[in-house]
Amino acid sequence: MRILIAEDNRFFRRLLEANLKQWGHEVVSCEDGAEAWEILQKSDCPHLAILDWEMPRMLGIEVCKAVREQKNQPYIYLILLTAKTQKDDLVVGLDSGADDYLTKPFEPVELQVRLRAATRIIQLQEDLVSALRAAEVRAKEDSLTGLWNHSAIVEMLKREIERSFRQQRSLGIIMCDIDHFKRINDTFGHLEGDRSLKRVAEIIRTNLRQYDSVGRYGGEEFLVILPDCNAIQTVTLAERLREMVSCDVRLVMHDDVHLTVSFGATSIEAGSNINWEAAIRIADEALYEAKRNGRNRVVLRVLKDVNRTN
């Protein structure tokens with residue numbers, strides 16, 4: 001573990017350094033509170049800091065207060081090093097944001113005990129942050145396909161349209177829908193329908209660039225967002241996806257029944273002043289034109305300038 005030592009007394013600083021290095025820790029050292037505060041503001045700062053109470057330029061308790069006001073993520077565990085022994089002083093130290101304290105002079109075993117407690121707390125904090133992040137991702141995922149859900153993909157579309165307008169870049173948009181999906185469910189059952197949804201989702205996801213996005217817009221319908229793609233590039237990708245689905249042997253439902261998908265494509269050209277609802281509407285119109293014209297095809301609709309709305 002990387003540990004910050006902020007101690008102006010050379011003897012105690014070297015004693016701490018020697019003990020921590022002997023126990024296998026990586027040590028970052030400084031001599032005053034201001035330097036410690038500067039280190040703890042960096043994105044790659046140590047997750048544990050041992051701070052002397054009395055230091056030049058900035059007291060240890062002032063560093064503690066500054067760290068807690070910043071609300072760091074991940075959590076920084078703070079141990080105050082002090083010669084103060086009065087209970088009131090220790091209460092002040094803990095109230096400043098310190099997690100623990102070590103009274104000088106100290107025995108190495110006292111430091112080890114505090115480091116073990118700190119390690120447990122830091123690990124619990126990291127586990128909690130990971131769990132919260134995972135929960136946030138799950139809340140935005142479609143549980144069946146693993147793609148972004150409706151709300152998440154719409155928010156992404158709004159952001160990408162804003163970025164497209166701001167940076168004067170094109171943006172490709174594709175709406176796609178599995179053909180005769182109700183018939184598939186009715187004929188082969190919902191389990192087979194779910195399997196088909198997951199396979200189509202997999203084909204689309206694995207054939208996009210890292211910075212493209214795809215979500216389950218609803219039912220058997222998917223929305224694909226393609227930054228920096230003009231109309232030709234968008235149609236080309238849609239056609240490739242259509243062909244891959246129609247040729248996928250895992251999507252043969254029966255000897256004479258093969259699952260297919262229809263695609264509606266559009267593109268916001270660089271500098272176009274378009275709102276997200278208009279983009280969805282035009283892509284949807286293109287999709288339903290593909291349906292009317294026989295399905296298993298790609299239709300492109302030109303997205304003309306539409307007043308922007310939030």
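Mind the numbering: the sequence shown is residues 1 to 310 in the numbering used here, read in order. The beta-carbon is built from N, C-alpha and C at its ideal position, and this holds for glycine as well. Since the structure is predicted, the reported quantities are computational estimates derived from the model, not experimental observations.
Shown here, E155 sits in a helix according to DSSP, grouped into three states. A distance below 8 Å separates the beta carbons of G97 and R68. Under DSSP, A6 shares a beta bridge with C30 and L51. For the options T260, L259 and G264, the alpha carbon positioned closest to that of T236 is the one of G264.
Pairing D194 with L144, the inter-Cα distance amounts to about 7 Å. When A201, E277 and R114 are compared, the shortest CA-CA separation from L241 is found for A201. Straight-line spacing of the CA atoms in V299 and E26 works out to 60 Å. In the DSSP assignment, C247 falls within the alpha helix (DSSP H) that extends over A231 to C247. Around the Cβ of L197, a 10 Å sphere holds 16 or more other Cβ atoms; the residue is buried. Annotation: Y75 is outside any beta strand (DSSP E) and is labelled neither H nor E by DSSP. In terms of CA proximity to E35, D52 leads the group D52, G189, C247 and K104. Taking a cut-off of 8 Å for Cβ pairs, the region 160 to 177 and the region 221 to 229 touch, as three or more such pairs fall below it.
For L303 and K42, the gap between their C-alpha atoms comes out near 45 Å. Listed in chain order, the non-local C-beta contacts of N185 below 6 Å within the same chain comprise G193, local neighbours out to five positions each way being set aside. Looking at the DSSP output, Y101 sits in a beta bridge with L80. A residue is called buried once 16 or more other Cβ atoms fall within 10 Å of its Cβ, and F11, having fewer, is exposed.
In this structure, E155 is the residue among R138, E155 and N293 with its C-alpha nearest to the C-alpha of E277. In the DSSP assignment, W148 forms a beta bridge with E141 and G215. Only residues of its own chain outside the window of five on either side were considered, and among them V224, I225, L226 and P227 have a CB closer than 8 Å to the CB of D212, listed in chain order. Within the model, the alpha-carbon separation for R133 versus G294 is close to 44 Å. About 5 Å separates the Cβ atoms of R114 and D100, confirming a contact at the 8 Å cut-off. Judged by DSSP in its simplified three-state form, G24 adopts coil rather than helix or strand. T266: member of the beta strand (DSSP E) spanning V261 to I268, first to last residue. When beta bridges are read from the DSSP output, G271 appears opposite no residue.
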